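Chemist: Got a structure here, written out as structure tokens. Questions coming.
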Amino acid sequence: MKQLSQNHILHVVRRFSLNHWGASEQTAWRTATSLKREGISNSIIATSALSQPGPEFLEQISIQRFDYIYPQLLLSQEKSKQLDLKGGNPYSLGLLRAAWSTPCKLFHCHTHSRLASTIRLVAKLRKIPFVVSLHGGAFRIPNSELSYLEQLSSGFSRYGFLLDKVFKPHRVLADASGIICPSYEELTAVRKAFPLKPSTYLPAGVDIEQYAKKSAKGLRAKYSISDDTFVLLCSGRIDSQKNQLLLIEMMHALSHNRSNHFHLILMGHLSNANYFEEIKQQVRKYGLQKSVTLVCDLNSDSEELIAAYQESDALIIPSIHEPSCLPVLEGWAAGLPVVASKISSLTHLVNEKETGLLFNPFSPRSLAEALTELKNNPELREKLIRNGHDTVNKHFTWDHYAQKLMSFYEEVEMFHASQSAANIIC
């Protein structure tokens, strides 16, 4: 720690597990590596959720993981793991100590709950700024998603309110020196709530070369998918928020027409085991075992995942809530036409019939019609592929992300300095 520069950036992540990779981890990691390429010293601290406590070095970047607690009594091991997968809101004394002792000029929180509240206190005492990235959203979360997250932590005696009185999680966004929004709808809400605070719209980037390099995996052969079958890929966590059940209903609707040769591949980590069981039940109910492939527990840089992008014919994003918008960028980078939910975070990014097709995420028929149009109109498909690839190359590489982020850091530091000066004068 003593060797770190005072100009160091310290990233704070709820979890950093290579075996359960999500948008927050991926963005935090790519942020760290992109800044390193720009000559910016930075490191990552996280809880040991779904991993082991201790230090690790990846690509010469320090990662430290610490023990943590969920401040709930009688919490079973099974329930604790479910919170690790999704919705967990822990405290970590070790992480707090690391934040206090690590020389740095700025904290970057890739979470905005209890862990961020400990950073809020440390930043205040150390008189340095902290920024928050809203990877999972904060202002525009659907009621169904809020209810599910509440259910995860219900039914237990809680003592967290005692710690919350000290660390004040409800003050994180209000006291943050800057807020980063991966979706435009979140930015609109943030600027309405905090009009004087630095905030920016900054979707994640994507590694173009990762998708350009031809994979030798042979995915169609592995899953016995014929060359003339139109393969639909859905990549993302298996979770009700991602709305994969709609795709099973859509495949059932398409199966009535024997001229439709579609095959659906669902790829992603399990964050909701009960929802995954529902998906499997519906697949069996409709007899879709030969036209639906389920693949879980792949790393974000898995060759099989890259092969799926390269050998599929379209990428579907059926989410009812998609704050990160990362799947759109991955589809564009892989040269796939994107078919996405008509929700505000995605409609700001995807231009109808220019860079993708949009559909009603609550209507299997709406999606089936969009896919039928895409399959039967090769000119439209080529147009979407070309425009999507041009868009991601021009605006959404990690180098572009790093440049915008560094500019925002500078803005935040100036804002923090002016606020500190104003407090001294007062």
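Residue 8 in our numbering sits at position 7 of the sequence shown; the count goes up by one each step and never skips. Ideal placement from N, C-alpha and C gives every residue a C-beta, glycine not left out. Just so we're clear, the structure is a prediction, and the values are computed from it rather than from any experiment.
In three-state terms, what does DSSP make of Ala422?
Modeler: Helix.
Chemist: Buried or exposed for Gly389, going by 16 or more other Cβ atoms inside 10 Å?
Modeler: Classification of Gly389: buried, given that the 10 Å Cβ count is 16 or more.
Chemist: Mind pulling the alpha helix (DSSP H) runs of 4 or more residues that sit fully within the segment 113-148?
Modeler: Complete alpha helix (DSSP H) runs here, min 4: 115-127.
Chemist: Below 8 Å on the Cβ atoms is my guess for Ala403 versus Leu135; work out the distance and round it to an integer in Å.
Modeler: About 19 Å separates the two Cβ atoms, so there is no contact after all.
Chemist: Can the beta-carbon of Ala253 be found closer than 8 Å to that of Phe231?
Modeler: Correcting the residue identity first, residue 253 is His in this sequence and not Ala. In this structure, Phe231 does not lie closer than 8 Å to His253 by Cβ.
Chemist: Taking 8 Å as the cut-off, decide whether the C-beta atoms of Cys326 and Ser346 are in contact.
Modeler: Yes, Cβ-Cβ distance for Cys326 and Ser346 is below 8 Å.
Chemist: According to the neighbour-count rule (16 or more other Cβ atoms, all chains shown, within 10 Å of its Cβ), is Gly219 buried or exposed?
Modeler: That one is exposed.
Chemist: Which runs of the alpha helix (DSSP H), 4 residues or longer, sit entirely within the segment 182-232?
Modeler: Runs found: 185-194, 209-213 and 220-223.
Chemist: With burial defined as no fewer than 16 other Cβ atoms inside 10 Å of the residue's Cβ, what is the status of His111: buried or exposed?
Modeler: Answer is buried; the Cβ neighbour count reaches 16.
Chemist: Considering only residues of the same chain and omitting the five flanking positions on each side of Gly332, which have a CB-CB separation below 6 Å?
Modeler: The answer, listed in chain order, is Leu316 and Val339.
Chemist: What first and last residue would you give for the beta strand (DSSP E) that runs through Ala341?
Modeler: Per DSSP, Ala341 belongs to the beta strand (DSSP E) from Val339 to Ser342.
Chemist: Could you tell me the distance, in whole angstroms, from the CA atom of Thr48 to the CA atom of Ser303?
Modeler: Roughly 24 Å separates the two Cα atoms.
Chemist: Exposed or buried, what is Asp85 when buried is set at 16 or more other beta-carbons lying within 10 Å of its beta-carbon?
Modeler: Classification of Asp85: buried, given that the 10 Å Cβ count is 16 or more.
Chemist: Is the beta carbon of Pro362 sitting closer than 8 Å to the one on Pro319?
Modeler: Yes, Cβ-Cβ distance for Pro362 and Pro319 is below 8 Å.
Chemist: Determine the extent of the beta strand (DSSP E) in which Leu271 is found, giving its start and end residues.
Modeler: No beta strand (DSSP E) holds Leu271; DSSP gives it neither H nor E.
Chemist: Along the chain, where does the alpha helix (DSSP H) that runs through Leu330 open and close?
Modeler: Looking at the DSSP string, the run of the alpha helix (DSSP H) that includes Leu330 is Leu327 to Ala334.
Chemist: Less than 8 Å between the CB atoms is what I'm expecting for Leu174 and His109, so what's the real figure, rounded?
Modeler: Not confirmed; about 14 Å, so no contact.
Chemist: Beta-carbon within less than 7 Å of Leu375's beta-carbon, same chain only, minus the 5 sequence neighbours each way: which residues are those?
Modeler: Only Ala315, Pro338, Val340, Leu358, Leu381 and Arg382 meet the Cβ criterion.
Chemist: In whole angstroms, what is the alpha-carbon distance linking Ser1 and Ser44?
Modeler: Past the boundaries of the shown model lies residue 1; the chain is included only from 2 to 427, so the question cannot be answered.
Chemist: Look at Tyr69 and Ser93 and say whether their C-beta atoms are less than 8 Å apart.
Modeler: Their beta carbons are under 8 Å apart, which means Tyr69 touches Ser93 by this criterion.
Chemist: Under the three-state reduction of DSSP, which class applies to Ile180: helix, strand or coil?
Modeler: Reduced to three states, the DSSP call for Ile180 is strand.
Chemist: First and last residue of the alpha helix (DSSP H) that includes Val393?
Modeler: Unbroken alpha helix (DSSP H) run through Val393: Pro379 to His396.
Chemist: Is the distance from the Cβ of Ser25 to the Cβ of Gly179 below 8 Å?
Modeler: No.
Chemist: Just the Cα atoms here: how many angstroms apart are Asp176 and Arg121?
Modeler: Each residue's alpha carbon lies about 7 Å from the other.
Chemist: When burial is assigned at 16 or more other CB atoms within 10 Å of the CB, is Arg31 buried or exposed?
Modeler: Buried, since its Cβ has 16 or more Cβ neighbours within 10 Å.
Chemist: Around the C-beta of Gln242, are 16 or more other C-beta atoms found within 10 angstroms, so that it is buried, or is it exposed?
Modeler: With 16 or more Cβ atoms within 10 Å of its Cβ, Gln242 is classed as buried.
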